[in-house]
RNA sequence: GCUGAUGUAGCUCAGUCGGUAGAGCACUUCCUUGGUAAGGAAGAGGUCAUCGGUUCAAGUCCGAUCAUCAGCUCCA
């Protein structure tokens, strides 16, 4: 086809608003954007043609529905940050010649690039690299795509670029691909499917955040690389907003708030990863435990208690010991007078104890389901670098239950466990919850117990229950536990990191290992199925995430101090004390502030300590026998009679709003 | 566990070239008795994470350990 013919042919381009425009064939994305508006052309980063993102410079040769991709969309951010990682690599190459590049993707909040370099990167280097990136942006370098055969690309990276990492990707990951694409920007070239932003000049603001190490291809037996993280924006203002968001997240950090509000502490004298609940934190935990106990009582759960340690044989039998011996505290070894040795494990999970309770009596099919429940404290020796306040600890308490049921009851029981978890999350205001069906990885059979048939059945049951409950889930291959698939409820913390809280797990393996049985209607022995479930997951982790979620502004029913009585002057102290007593009698956690400070000061301090209700008392209140209520973060709510206030607060507490 | 960073008063942080430790807030006492986010004054508060080394002299330089932070890896 000659150029001339191309010019003559017209194509119909459908825009997102449904309008159709005609363009000569060969029109590029940027030209379409320019025809719509100057601002859009300026913001345009890439083009989406029939749902597929492509470079802005790609000529359109057929009718298509298109969309101009800008930074506002998730695809736009992805492309922008991916391109930024290339620009960072170019900057690093210019500053530190000889550096080689591994993987450099965009991530949820920015990008990183894994670098192999003789130079050991330091904090100061990041500032230099940032400057260089902005300099490259000012050069307004065009980013150009080139397609070529895999062989030619291998040759290019072997000779011109001398980059063994890209060669390895081409020879292994891409071995069945014939044509690959390269992106050139001045002297720097990267292997990449793209698309990319048209020019380095789109990048206006850059912040390189940290340096860490990674393994080439995520394999701990391969070489270490230096991973540099960063984030970039098409304007300075957006970077500023991003930094402000980070600072806000820092203020919400449960480790910071936990110390400020006196909720919990960690001490090297006790041991790292072993949180200690302070009185105020213990109130929150206690309220949550009481709440769940009550819900479970309504749902037919039977509370039990089991010891904190167990004979190691128990865990060998369950299979936990061989599967997870590296993440357990070493066994306690005990020798009796005759030299006989016994070993005990700090319990890493509660299930084996519960299974023994099940099998301590003969069970009839009429008895099932049996739902044993316990707030069971477990100890796991997590790697030191993993520890993180309450959300990743070495000693923590699971709201653990094991439901023993007949196969015909299983899906119903999974559904009701999901229902309970949803109720708990709903009550605590977690709306942004992701649900993952955690399935096994068939390629890694050694990681799991049980037969293929059992796994197929269990995964089918889990999926059926999730579908019946109308859950919007995604599948996580390889995320199952060794004994069965799970439904995991995942919530983000203030910094956007994801944590698994609630979980519902199906288990056909333990009933075999512990030879659990019930007598069926046919008079024969049958195998029950076990469901492991924990709506909170771990009290520590849940409360850690809850602190960040609420920024320490707990709902009234959970607040460690629900109200503080603030007398304005000494002449009303006596009345204030009687108000405090009335609130105490009403079951409200209340304090009285009789310091000789001005009311403004008392209010400020109550606000900062996030007490939900301030009860302000002066002459006027004393004369009328009333109180003034001021709400945390809201302000004055007017006067109430003492009994009316108690009533109001009690109602709010019982409704858990 | 790995890579990097950090560790000074209860908290947030200064501390220059190595020369006997500083601020604000909080705390204690006194004055002040007030109306919805900081009244005033004075005082007390430190084995500079721990251990070792270099030096006439170490918060400061070097090493180890512990803890914390970010990420990696792992995660019942």
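Residue numbers (our numbering): 456 to 1112.
All C-beta atoms, glycine included, are put in the ideal place defined by N, C-alpha and C.
Taking the Cβ atom as the reference point for each residue, do residue i and residue j lie within a distance shorter than 8 Å?
i: residue 495; j: residue 521; result: no
i: residue 709; j: residue 1071; result: no
i: residue 1066; j: residue 1016; result: yes
i: residue 857; j: residue 987; result: yes
i: residue 565; j: residue 684; result: yes
i: residue 852; j: residue 995; result: yes
i: residue 735; j: residue 689; result: no
i: residue 892; j: residue 918; result: yes
i: residue 1047; j: residue 1056; result: no
i: residue 861; j: residue 801; result: no
i: residue 889; j: residue 942; result: no
i: residue 464; j: residue 518; result: no
i: residue 515; j: residue 499; result: no
i: residue 731; j: residue 720; result: yes
i: residue 559; j: residue 540; result: yes
i: residue 622; j: residue 613; result: yes
Taking DSSP as the reference, what is the three-state secondary structure of residue i?
i: residue 829; result: strand
i: residue 779; result: helix
i: residue 817; result: coil
i: residue 849; result: coil
i: residue 1169; result: With the chain represented from 456 up to 1112, any question about residue 1169 goes unanswered, as that position is not in the structure.
i: residue 461; result: Only weak support is given to the placement of residue 461: the predicted model assigns it a pLDDT of 48, under 50, and the question is left unresolved by the model.
i: residue 938; result: coil
i: residue 1012; result: coil
i: residue 664; result: strand
i: residue 1018; result: strand
i: residue 468; result: strand
i: residue 878; result: helix
i: residue 456; result: Unreliable placement is indicated for residue 456, whose pLDDT of 43 sits below 50; no coordinate value is reported for it.
i: residue 838; result: coil
i: residue 962; result: strand
i: residue 1023; result: coil
i: residue 926; result: coil
i: residue 857; result: strand
i: residue 652; result: coil
i: residue 699; result: helix
i: residue 722; result: coil
i: residue 647; result: coil
i: residue 797; result: strand
i: residue 477; result: strand
i: residue 635; result: strand
i: residue 918; result: helix
i: residue 1004; result: helix
i: residue 628; result: helix
Nearest CA to the CA of residue i: which residue from the options?
i: residue 1008; options: 600, 740, 712; result: 712
i: residue 807; options: 764, 787, 819, 580; result: 764
i: residue 1079; options: 1086, 1092, 1096; result: 1096
i: residue 1027; options: 1094, 1062, 1076; result: 1076
i: residue 550; options: 880, 582, 561; result: 582
i: residue 599; options: 1011, 653, 1006, 489; result: 653
i: residue 661; options: 517, 725, 546; result: 546
i: residue 1018; options: 488, 1010, 1043; result: 1043
i: residue 1058; options: 879, 1091, 913, 552; result: 1091
i: residue 833; options: 821, 827, 841, 855; result: 855
i: residue 602; options: 777, 632, 631, 636; result: 636
i: residue 416; options: 1063, 1021, 489; result: Any property of residue 416 remains undetermined from this structure, which presents the chain solely from 456 to 1112.
i: residue 991; options: 984, 983, 1000, 985; result: 1000
i: residue 1113; options: 646, 650, 878, 767; result: Because the chain spans 456 through 1112 in this model, residue 1113 falls outside it and cannot be assessed.
I want to check one thing, is the minimum distance from the CB of residue i to the heavy atoms of the ligand GTP below 7 Å?
i: residue 812; result: Ligands are entirely absent from the displayed structure, and the ligand GTP is therefore not among its contents.
Worksheet item: Does the stretch 838-850 come within contact of the stretch 958-970, defined as at least 3 CB pairs closer than 8 Å?
Response: no
Item to complete: Scan the stretch 1027-1063 and note each continuous alpha helix (DSSP H) run of 4 residues or more that stays entirely inside, going in chain order.
Response: 1028-1040, 1054-1063
Practice prompt. Quick one: which unbroken alpha helix (DSSP H) runs of 4-plus residues sit fully inside the stretch 1080-1110? Chain order, please.
Written response: 1097-1110
Item to complete: Check whether the stretch 776-783 touches the stretch 744-757, counting contact only when three or more Cβ pairs, one atom from each stretch, lie closer than 8 Å.
Response: no
Worksheet entry | Stretch pair the stretch 665-683 + the stretch 523-531: three plus CB contacts closer than 8 Å | no
Discussion item. Count Cβ pairs between the stretch 628-646 and the stretch 570-590 that sit closer than 8 Å; are there 3 or more?
Written reply: no
Discussion item. Ignoring anything shorter than 4 residues, give me the alpha helix (DSSP H) runs that lie fully in the stretch 515-603, in order along the chain.
Written reply: 529-550, 578-593
Worksheet item: Between the stretch 864-873 and the stretch 896-908, are three or more C-beta pairs nearer than 8 Å?
Response: no
Worksheet item: Which ranges does the beta strand (DSSP E) cover as unbroken runs of at least 3 residues, wholly within the stretch 706-767, from first to last along the chain?
Response: 764-766
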